[in-house]
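Participant: Have a look at the structure that comes next, please.
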Amino acid sequence: MKKLFILSVIVSLFTVMQDGTLLYVLLPQIQEQFATSLSTAIWIMNLYILPFALLMVFMGRVADRFGHIRVFLSGLALYAAGSFLGYFSSSFPFLLTCRFIQGIGSSILVPVSLVILLKRFGKQRYGQAIGAWSATCALAAACGPISAGLIGHFATWRFTFLANGTLVLLALLAMIASLKSSAVPEEDQETQAVPMPNLWKESETYLLLFGNFFAGFVLNSLLYVLPFMLGNFLDYDSLQIAYTVTPLCASIIVSVGIVGRLERKMPLEIVVSTGFFCLLASLCLYMIREVPLYVYIGASFLAGLGLGIAIISITSAWMKKFTYDHLGLGSAILNMLRLVGAVIGSSLSASLFRRMVDTSLHTGGVPANEWLAGLKASGAPVAPIVWASGFSQVVVGVFTVLSLVPVAMIVWYTARYGRRRKLENQASPVQDG
């Protein structure tokens, strides 16, 4: 029954994280059915993300206060209710209300799911728990667009609400059954975590938070720009885009087995820097013009591997700083900051990319998408023009900023190591005497 309990948590997390990307593909269906503009239809995503992000820290603290499992079950109930109500929605405002309810439920489920897994696995297996949690999030992100495409082809957008509600309801019932069997023991509450007042006095705290924010920033920057560039400018079909983008998320799963070995052999700063250096290498590959598809696939795999190493090692080090009665707050802070980085990253990369394309192509005042459509119809080579003007500039910008992260970590580690050696040298004469 303990395995059923953990499986229920993972299924819940997968459903919620997949929901973050699922409806993007199905927005045209919803827009057509309710006869709304695209700017209005996008609120289906916004009213899910806003409570998801803004309430996360508050819900994490509530879970610490009233019990992680109890609050998690209430989050499952909220999300399931919003999903089933969304399936039966007959008006656009009512559908927005349902999405808001789902967002509140998600603000509970994402941070608290990590806490529950950490407590089930125990402090000695934090890396495995965080690896399972991160792999689930990555797999959900990879499956979201694919699932949406299948649903859009064989069913309607309403099926997403029905399927998500059913999965979460089954997870809720399975968790209740597991708890009644008394086969899910509480973990030992003892820990050597840093007291909360001292946490903010450590330089490592801010380094971890900055690295976590930037991991979310880079991940969503690439997830937005890559499909847009591949489909619109390099004329890749949907299958080729899937081949290129999916490894970015799927390779995070591969990183789960790598992080544990690295953490046993290297200091935290070197492990995190290794992840960001993998990202730097992948961005170098993205900047190569007119290469075979497998090069972009390899670049995406390397980017996901680097992100996985960085995110898992940062999360492991961060959560070890908290006592069990503050795990919910710690998880919420980390997840919220990564989500904020993701939102800022996708927004900035989108606006920067479109601005550079519009200004660099010299379209004569014609919108870039119309100008490109005419260029394609004429049979002119589109890829070299756009590649040189738009995407490469975005990648160079991200590359420049990203390079500061591992450099800062190595400088900080070197300085800390130097201070430690100096103190050891000063203490050695006393020990000899």
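Its first residue numbered 0, the sequence shown is counted upward by one per residue in numbering that gives the first Met the number 0. Where a beta carbon is used, it is the ideal one built from N, C-alpha and C, also for glycine. If you're wondering where the values come from, they're calculated on a predicted model, not measured in any experiment.
Going by alpha carbons, who is nearest to G256 out of A79, S133, S281, V111?
Facilitator: Position 257 of the sequence shown, counting from 1, holds the residue named residue 256. Out of A79, S133, S281, V111, S133 has the C-alpha closest to the C-alpha of G256.
Participant: Extract the residue ranges of the alpha helix (DSSP H) inside the stretch 115-190, only unbroken runs of 4 or more that lie entirely within it.
Facilitator: 125-153, 157-179
Participant: Output needed for L207: all residues of its chain with C-beta closer than 7 Å, excluding positions within five of it in sequence on either side, in chain order.
Facilitator: Translated into positions along the sequence shown, residue 207 becomes position 208. Only I313, A316, W317 meet the Cβ criterion.
Participant: Assuming the contact rule is C-beta atoms closer than 8 Å, V167 and L46 should be a hit. Round their C-beta distance to whole Å, please.
Facilitator: Along the sequence shown, read from residue 1 onward, the residue named residue 167 stands at position 168. Along the sequence shown, read from residue 1 onward, the residue named residue 46 stands at position 47. 19 Å between Cβ atoms; not a contact.
Participant: Please go through the same chain and pick out, in chain order, the residues whose beta-carbon is closer than 7 Å to the beta-carbon of P50, but skip the five residues on each side of it.
Facilitator: Residue 50 sits at position 51 when you count from the first residue of the sequence shown. Take P50, set aside five residues on each side of it, and the residues of its chain with a beta-carbon closer than 7 Å to its own are F99, G102, I103, S106, in chain order.
Participant: Please report the distance separating the alpha-carbon of G66 from that of G59.
Facilitator: Here residue 66 is taken as the residue at index 67 of the sequence shown, counted from 1. Here residue 59 is taken as the residue at index 60 of the sequence shown, counted from 1. Their backbone Cα atoms lie some 10 Å apart in a straight line.
Participant: Is the distance from the Cβ of C12 to the Cβ of S112 below 8 Å?
Facilitator: The residue given as residue 12 occupies position 13 in the sequence shown. The residue given as residue 112 occupies position 113 in the sequence shown. Before going on, a small fix: residue 12 reads as Leu here, not Cys. Against a cut-off of 8 Å, the Cβ pair of S112 and L12 comes out as a contact.
Participant: Kindly indicate the opening and closing residues of the alpha helix (DSSP H) around H67.
Facilitator: Taking the sequence shown and counting its residues from 1, the one referred to as residue 67 is at position 68. Run containing H67: 67-86, per the alpha helix (DSSP H) assignment.
Participant: Looking at A173: is its Cβ nearer than 8 Å to the Cβ of S7?
Facilitator: The count along the sequence shown starts at 1 and reaches residue 173 at position 174. The count along the sequence shown starts at 1 and reaches residue 7 at position 8. Between A173 and S7, the C-beta spacing is below 8 Å.
Participant: Just to confirm my understanding: we take L221, look at its own chain, exclude 5 residues before and 5 after, and list those with CB closer than 7 Å. What are they?
Facilitator: Along the sequence shown, read from residue 1 onward, the residue named residue 221 stands at position 222. Same-chain partners within the cutoff: L247, A302.
Participant: Check this for me: beta carbons of C97 and L116, under 8 Å apart or not?
Facilitator: If you number the sequence shown from 1, residue 97 lands on position 98. If you number the sequence shown from 1, residue 116 lands on position 117. No, the Cβ-Cβ distance between C97 and L116 is not below 8 Å.
Participant: When you compare the CB of S36 with every CB in chain D, is at least one pair closer than 8 Å?
Facilitator: Among the chains in the structure shown there is no chain D, since it carries only a single protein chain.
Participant: Less than 8 Å between the C-beta atoms of Y78 and R157, yes or no?
Facilitator: Residue mapping note: residue 78 aligns to position 79 of the sequence shown, counting from 1. Residue mapping note: residue 157 aligns to position 158 of the sequence shown, counting from 1. No, the Cβ-Cβ distance between Y78 and R157 is not below 8 Å.
Participant: What are the boundary residues of the alpha helix (DSSP H) that E268 is part of?
Facilitator: Mapped onto the sequence shown, residue 268 falls at position 269. From DSSP, the alpha helix (DSSP H) with E268 extends over 267-285.
Participant: Give me the residue from L218, T135, T165 with the minimum Cα distance to L347.
Facilitator: Within the sequence shown, the letter at position 348 stands for residue 347. It is L218.
Participant: Closest by CA to L178, which one among L72, I9, G121, L328?
Facilitator: Against the sequence shown, residue 178 aligns to sequence position 179. In this structure, L72 is the residue among L72, I9, G121, L328 with its C-alpha nearest to the C-alpha of L178.
Participant: Measure the beta-carbon distance from G126 to G259 and round it to whole angstroms, keeping in mind my assumption that it falls under 8 Å.
Facilitator: Reading the sequence shown from its first residue, position 127 is the one you call residue 126. Reading the sequence shown from its first residue, position 260 is the one you call residue 259. So it is a contact: roughly 5 Å between Cβ atoms.
Participant: G19 to I29, Cα distance in whole Å?
Facilitator: In the sequence shown, counting from the first residue as 1, residue 19 sits at position 20. In the sequence shown, counting from the first residue as 1, residue 29 sits at position 30. About 16 Å.
Participant: Would you kindly work out how many angstroms separate the C-alpha atoms of E31 and L138, rounded to a whole number?
Facilitator: Taking the first residue of the sequence shown as 1, we reach residue 31 at position 32. Taking the first residue of the sequence shown as 1, we reach residue 138 at position 139. Between the C-alpha atoms of E31 and L138 there is a straight-line separation of about 30 Å.
Participant: For L95, which residues in the same chain have their Cβ closer than 8 Å to its Cβ, ignoring the five residues on either side in sequence?
Facilitator: Taking the sequence shown and counting its residues from 1, the one referred to as residue 95 is at position 96. Cβ neighbours of L95 beyond the five flanking positions: W42, I43, L46.
Participant: Out of K421, L328, N211, L304, state which residue places its alpha-carbon closest to the alpha-carbon of L338.
Facilitator: Numbered from 1 along the sequence shown, position 339 holds the residue referred to as residue 338. When only C-alpha atoms are compared, the closest one is N211.
Participant: If you measure between the beta carbons of S254 and I308, is that distance less than 8 Å?
Facilitator: On the sequence shown, residue 254 is found 255 positions in, with the first residue counted as 1. On the sequence shown, residue 308 is found 309 positions in, with the first residue counted as 1. Contact: yes.
Participant: What residues in its chain sit with their C-beta under 8 Å from that of G432, if we drop five residues either side in the sequence?
Facilitator: In the sequence shown, the residue the question calls residue 432 occupies position 433. Reliability fails at G432, whose pLDDT of 46 lies under 50, so the model's placement of it is uncertain and no value is given.
Participant: Evaluate C136 with the Cβ neighbour count: other Cβ atoms within 10 Å of its Cβ, from every protein chain shown; 16 or more gives buried, anything less gives exposed.
Facilitator: Translated into positions along the sequence shown, residue 136 becomes position 137. Its Cβ being crowded by 16 or more others within 10 Å, C136 is buried.
Participant: Please name the residue, chosen from T243, G215, R263, that lies closest to V342 on a Cα-to-Cα basis.
Facilitator: The count along the sequence shown starts at 1 and reaches residue 342 at position 343. Among T243, G215, R263, the Cα nearest to that of V342 is on G215.
Participant: Taking the alpha-carbon positions, what's the D324 to R64 distance?
Facilitator: Along the sequence shown, one-based indexing puts residue 324 at 325. Along the sequence shown, one-based indexing puts residue 64 at 65. Going from the Cα of D324 to the Cα of R64 covers about 8 Å.
Participant: Among N424, L336, R69, L25, whose alpha-carbon lies nearest the alpha-carbon of A40?
Facilitator: As a working note, residue 40 is residue 41 in the sequence shown. Among N424, L336, R69, L25, the Cα nearest to that of A40 is on L25.
Participant: What's the gap between the Cα of R124 and the Cα of G148?
Facilitator: Within the sequence shown, the letter at position 125 stands for residue 124. Within the sequence shown, the letter at position 149 stands for residue 148. Looking at the two C-alpha atoms, the distance is approximately 37 Å.
Participant: Where V56 and S345 are concerned, what is the direct C-alpha to C-alpha distance, given to the nearest angstrom?
Facilitator: Along the sequence shown, one-based indexing puts residue 56 at 57. Along the sequence shown, one-based indexing puts residue 345 at 346. So the alpha carbons of these two residues sit roughly 22 Å apart.
Participant: Rounded to the nearest angstrom, what separates I145 and T245 at their Cα positions?
Facilitator: By one-based count along the sequence shown, residue 145 stands at place 146. By one-based count along the sequence shown, residue 245 stands at place 246. The alpha-carbon atoms of I145 and T245 are separated by roughly 9 Å.
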